[in-house]
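Colleague: Next up is a structure, given as structure tokens.
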Amino acid sequence: VVAETELAIEGMTCASCVHHVEQALRGMTGVIEATVNLATERATVRYLPATVGIAAFTAAVAEAGYSARPLA
Ligand code: 9UX
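One gets full-length UniProt numbering by counting positions in the sequence shown from 1 and adding 72 to each.
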């Protein structure tokens, strides 16, 4: 089973910020793909819900120095 979710990201001010957030998410076990859009300040994550989840995503983004809020 593969799930997809969106997160609202706060604190990104440049293209490198996008890269930092993407790398933080892509480095997680169970994450298949993560893309971040600077203009919309949203991250889209495809993942294996048996392995990883939204709480871990927000923690990883916070660790990278940004904040993430789950979207419906
Ligand atoms: Mo450069 Mo984006 O330090 O924070 S990565 S502005």
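Glycine included, each C-beta is placed from N, C-alpha and C at the ideal position. Please read these numbers as outputs of a predicted model, since none were measured by experiment.
1. Looking at S139 and the ligand 9UX, is the gap between the Cβ and the nearest heavy atom below 8 Å?
2. Could you please give the first and the last residue of the uninterrupted alpha helix (DSSP H) stretch that includes V93?
3. Rounded to whole angstroms, how far is the Cβ of M84 from the Cβ of Y138, which I believe are closer than 8 Å?
4. Taking a contact to mean a Cβ-Cβ separation below 9 Å, would you say G102 touches A134 in this structure?
5. Let's test the definition: count the other Cβ atoms within 10 Å of the Cβ of V73 and tell me whether it reaches 16, buried, or not, exposed.
6. Taking just the CA atoms, how far does A106 sit from T143?
Modeller: For this structure:
1. No; taking the cut-off as 8 Å, the Cβ of S139 has no heavy atom of the ligand 9UX nearer than that.
2. Secondary structure note for V93: its alpha helix (DSSP H) is the uninterrupted segment A87 to R98.
3. Contact between M84 and Y138 holds, since their C-beta atoms are separated by about 6 Å, short of 8 Å.
4. The Cβ atoms of G102 and A134 do not sit closer than 9 Å to each other.
5. Counting Cβ neighbours within 10 Å, V73 comes out exposed, since fewer than 16 surround it.
6. Note on identity: in this sequence residue 143 is Leu, with Thr being the wrong assignment. Rounded to the nearest angstrom, the two C-alpha atoms are 15 Å apart.
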